[in-house]
Amino acid sequence: MATSAALPSASVPPETWAAAHDQMVVTLRDLIRIPSINPPPLEAPDGELRVARYLAEQLRALGLDPVIVEPEPGRGSVHARLRGDGTGGDPFLLLSHLDVVPAPADRWSHDPFAADVADGYIYGRGAVDMKGMVALELGVVRQLVAEARAAGRDPARDPIPGLRRDVLFTCTADEEAGSLAGARWLVRQHPDWFQAAGAVNEAGGVSVTVAGRRFYPIQVAEKGFAPYRIHVTGTWGHGSVPRDDNAAVLAAEIVRRLAVPGPVRMTPVMSRFLEAAAAALPDDAASVLRRIGRGELDPASADAAIDALCEPKYARTLRALIRDTLSPDVIHAGVKYNVIPGDAVIEVDCRVLPGTSEADMRAEVERRIGPDLLAQCTIELLVWGAPVETPAEGPIWDVLVATLFDHDPDGVPLPVMVPFATDAKAIEALGVPTYGFSPLRLEPDEWFLDRFHGVDERVSLDALRFGLPVLYDVVRRFCG
Ligand SMILES: [Zn+2]
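Using this note's numbering, the first residue of the sequence shown is number 639, and each one after it goes up by one.
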């Protein structure tokens, strides 16, 4: 790790960082061992509250005054505040969520809730999504508190030496199931937990190696979601006399029409992403990316070019980030093999780019189904989550880029959109710009997104060791 004298972390002794790393690892393993599964299982419905209590205990041990709220039984969120001297403007928010998705253990090589350490990795559900970041953020809070104590200050009441803004530490419940018992409730009831000049959250700042170059995509935008339930009406009948209006047959044709890849549309974020990636890659790859970024290729050619350029795992993601997508994921029809179904239900997961409204998406679904089959359908919106976009410029952006660069001069930070949703959607209501920035430097063959919700979810000790001083420097620089 190359650190310059200008980095605040460089004035912290190496043995202090080593001890902080060890403590962070203990914290992460403790967090993983408290299964905070969402949706909460009947046998252990209070996992999020237990994690919130664990963190509150850690914060109290530091001398802070954490607050826990529980809008529904067992659904706990936790918050604490470190003070600056107030001369630097609005606070900075260290945001995270406490819940994890289920982890059926049968395909894992380690118990998903044992937090085993093996081959330099911590295994367990939540290692990357996102208890690893909770541990990093708590590690930064611990270091700042230690500095306050060393200066003879009370960290619960006095300003942390050198901080001109407050630092908010907010961990929410229920992110994995729509945030209704978490950030969406908290934004209405406790907006002060979020009100900040900006926030760092999950899903960015993690290195990805492509063609020998190490990139750090920083999340500045995320797609919106518009899942629809489509009710298809046919005619019931006897299976011995086939009918053209068999609802299963109609549904099959509708699914085929929905699943076709749609047109490419470049957003400012993805244009910048492709341009920045092109600038760091060899000429032939660069010219293809630039042509895609300028919208010069038709959809089929753009997809073929992406497939030729990238491994399938990157290609799938990139193709999803340059268009609105439709994924038909549920089909139900039929009661018995000899009964022609008169009803079918399709659920299609639509993800929209910034600039696409729910009405636009619905119109596209209707257009694809086509007038002939639309007459047999009713379309119901299940839930709407608007896309979010944060500017890839300004003081926070500049600090994130400069700090990554100082810690990894060979790395290429660049702005990116993600295809999924995070709590950024909920806190956008307060106008807080949120950056996906949980800094981890990974080995070239690691594919971080596969770890999200995946089997054998894990994070390497070296990646965490890299991340802690990076996040500390971001806080010190932006709040200093
Ligand atoms: Zn997450």
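Note that beta-carbon positions come from the ideal geometry of N, C-alpha and C, so glycine has one too.
Enumerated in chain order, which unbroken segments of the alpha helix (DSSP H) with a length of 4 residues or greater are wholly contained in the segment 730 to 758? none
Take the Cβ of leucine 645 as the centre, count every other Cβ of all protein chains shown within 10 Å, and call the residue buried at 16 or more, exposed below. The count along the sequence shown starts at 1 and reaches residue 645 at position 7. Buried is the call here.
Tyrosine 692 by DSSP, collapsed to three states: which one? In the sequence shown, the residue the question calls residue 692 occupies position 54. DSSP places tyrosine 692 in helix when its eight states are reduced to three.
CB contact flag (arginine 1005, lysine 861, <9 Å): For the purposes of this step, residue 1005 is taken as the residue at position 367 of the sequence shown. For the purposes of this step, residue 861 is taken as the residue at position 223 of the sequence shown. In this structure, lysine 861 does not lie closer than 9 Å to arginine 1005 by Cβ.
For ligand 1, is there a heavy atom less than 8 Å away from the beta-carbon of alanine 841? Locating residue 841 in the sequence shown gives position 203, where the first residue counts as 1. Placement of the Cβ of alanine 841 at a distance of less than 8 Å from at least one heavy atom of ligand 1 is found.
Under 8 Å by Cβ, that's how I've got glycine 712 and proline 678 pegged, so tell me the actual separation to the nearest angstrom. Mapped onto the sequence shown, residue 712 falls at position 74. Mapped onto the sequence shown, residue 678 falls at position 40. Between proline 678 and glycine 712 the Cβ distance is about 6 Å, and since that is below 8 Å, they are a contact.
Who are the near neighbours of isoleucine 1017 in its chain, counting only those whose CB is closer than 6 Å to its CB and skipping five residues on each side? Position 379 of the sequence shown, counted from the first residue, corresponds to residue 1017. These residues qualify, in order along the chain: Tyr866 and Ile868.
In whole angstroms, what is the alpha-carbon distance linking glutamine 661 and leucine 824? Position 23 of the sequence shown, counted from the first residue, corresponds to residue 661. Position 186 of the sequence shown, counted from the first residue, corresponds to residue 824. Those two C-alpha atoms are separated by around 29 Å.
Under three-state DSSP, which class holds serine 649? Here residue 649 is taken as the residue at index 11 of the sequence shown, counted from 1. Three-state DSSP puts serine 649 in a helix.
In angstroms, rounded to a whole number, what distance separates the CA positions of arginine 961 and valine 1003? Indexing the sequence shown from 1 puts residue 961 at position 323. Indexing the sequence shown from 1 puts residue 1003 at position 365. Going by the C-alpha atoms only, they are around 14 Å apart.
Is the beta carbon of glycine 820 closer than 9 Å to that of valine 1021? Along the sequence shown, read from residue 1 onward, the residue named residue 1021 stands at position 383. Along the sequence shown, read from residue 1 onward, the residue named residue 820 stands at position 182. No, Cβ-Cβ distance for valine 1021 and glycine 820 is not below 9 Å.
Pair within 9 Å by beta-carbon distance, glycine 1074 and valine 838: In the sequence shown, the residue the question calls residue 1074 occupies position 436. In the sequence shown, the residue the question calls residue 838 occupies position 200. Yes, they are a contact pair.
Taking only heavy atoms of ligand 1 into account, decide whether any of them is closer than 8 Å to the Cβ of phenylalanine 1090. Sequence index remark: in the sequence shown, residue 1090 carries index 452 (1-based). Correct: phenylalanine 1090 has its Cβ closer than 8 Å to ligand 1.
State buried or exposed for alanine 997, treating a residue as buried only when at least 16 other CB atoms are found within 10 Å of its CB. Working through the sequence shown from its first residue, we reach residue 997 at position 359. Its Cβ having fewer than 16 others within 10 Å, alanine 997 is exposed.
Can you list, in chain order, the residues of its chain with a C-beta nearer than 7 Å to that of arginine 698? Leave out the 5 residues immediately preceding and following it. As a first step, residue 698 must be located in the sequence shown, where it is residue number 60. For arginine 698, where only same-chain residues beyond five positions count, the Cβ hits under 7 Å are Pro704.
At 3 residues or longer, and completely inside the segment 695 to 731: list those beta strand (DSSP E) runs for me, N to C. 705 to 710 and 713 to 720
Between the C-alpha atoms of threonine 641 and aspartate 754, what's the straight-line distance to the nearest angstrom? Indexing the sequence shown from 1 puts residue 641 at position 3. Indexing the sequence shown from 1 puts residue 754 at position 116. Unreliable placement is indicated for threonine 641, whose pLDDT of 45 sits below 50; no coordinate value is reported for it.
Can you look up glutamine 661 in the DSSP assignment and give me helix, strand or coil? Against the sequence shown, residue 661 aligns to sequence position 23. Note: glutamine 661 maps to helix in three-state DSSP.
Whole angstroms is fine: what's the gap from methionine 768's alpha carbon to proline 750's? Residue numbering aside, residue 768 sits at position 130 when the sequence shown is read from its first letter. Residue numbering aside, residue 750 sits at position 112 when the sequence shown is read from its first letter. When rounded, the distance between both Cα atoms is 14 Å.
Backbone secondary structure at histidine 828 - three-state DSSP: Here residue 828 refers to the residue found at position 190 of the sequence shown. Of the three classes helix, strand and coil, the one that applies to histidine 828 here is coil, per DSSP.
Taking the C-alpha atoms as reference points, what is the distance between leucine 1102 and glutamate 934? Counting from 1 along the sequence shown, the entry for residue 1102 is found at position 464. Counting from 1 along the sequence shown, the entry for residue 934 is found at position 296. Whole-angstrom Cα-Cα distance: 41 Å.
Any heavy atom of ligand 1 within a distance shorter than 8 Å of the CB on threonine 1060? Position 422 of the sequence shown, counting from 1, holds the residue named residue 1060. Checking every heavy atom of ligand 1 against the Cβ of threonine 1060, one is found closer than 8 Å.
Indicate whether valine 707 and glycine 701 have their beta-carbon atoms separated by less than 9 Å. Counting from one through the sequence shown, the residue named residue 707 turns up at place 69. Counting from one through the sequence shown, the residue named residue 701 turns up at place 63. It is not a contact, given that the beta carbons lie outside the stated cut-off.
Only counting runs of 4 or more residues, tell me where the alpha helix (DSSP H) segments fall wholly within the segment 1040 to 1081, in order along the chain. 1062 to 1065
What's the gap between the Cα of alanine 1024 and the Cα of alanine 1067? Position 386 of the sequence shown, counted from the first residue, corresponds to residue 1024. Position 429 of the sequence shown, counted from the first residue, corresponds to residue 1067. Taking the straight line from one Cα to the other gives about 11 Å.
Can you tell which of Asp830, Val1039 and Glu686 has the C-alpha that lies nearest to the C-alpha of isoleucine 1065? In the sequence shown, the residue the question calls residue 1065 occupies position 427. Selected option, being the one with the closest Cα: Asp830.
So what does DSSP say about tyrosine 952, is it helix, strand or coil? To locate residue 952, count along the sequence shown from 1; it is residue 314. Correct three-state label for tyrosine 952: helix.
Suppose the cutoff is 7 Å on Cβ atoms and the five residues either side in sequence are ignored; what does the same chain contact list for serine 909 look like? Position 271 of the sequence shown, counted from the first residue, corresponds to residue 909. These residues qualify, in order along the chain: Gly931.
State the start and end residues of the unbroken beta strand (DSSP E) segment that holds phenylalanine 1090. As a position in the sequence shown, residue 1090 is number 452, starting the count at 1. Looking at the DSSP string, phenylalanine 1090 is not in any beta strand (DSSP E), and its letter there is neither H nor E.
Beta-carbon within less than 8 Å of alanine 794's beta-carbon, same chain only, minus the 5 sequence neighbours each way: which residues are those? Your numbering for residue 794 matches position 156 in the sequence shown. So the list reads Gly701, Leu702 and Asp703, once near-sequence residues are dropped.
Express the C-alpha separation of leucine 731 and histidine 828 in angstroms, rounding to a whole number. If you number the sequence shown from 1, residue 828 lands on position 190. If you number the sequence shown from 1, residue 731 lands on position 93. Straight-line Cα distance between these residues: approximately 14 Å.
Go to valine 593, then tell me how far its beta strand (DSSP E) extends in each direction, as first and last residue. Only positions 639 to 1118 of the chain appear in the structure, and residue 593 is not among them; the question remains open.
Nearest to threonine 1060 by CA position, among Thr1041, Arg822 and Gln696, is which residue? Within the sequence shown, numbered from 1, the residue matching residue 1060 stands at position 422. Among Thr1041, Arg822 and Gln696, the Cα nearest to that of threonine 1060 is on Arg822.
6 Å CB neighbourhood of aspartate 1121 in its chain, flanking five on each side removed: This structure leaves residue 1121 out entirely; the chain is present only between 639 and 1118.
May I ask you to check if the CB of aspartate 767 is nearer than 8 Å to at least one heavy atom of ligand 1? Sequence index remark: in the sequence shown, residue 767 carries index 129 (1-based). Result yes, Cβ under 8 Å from ligand 1.
Label asparagine 976 either buried or exposed according to how many other C-beta atoms from any shown protein chain fall within 10 Å of its C-beta, with 16 as the threshold for buried. In the sequence shown, counting from the first residue as 1, residue 976 sits at position 338. The residue is exposed, with fewer than 16 neighbouring Cβ atoms inside 10 Å.
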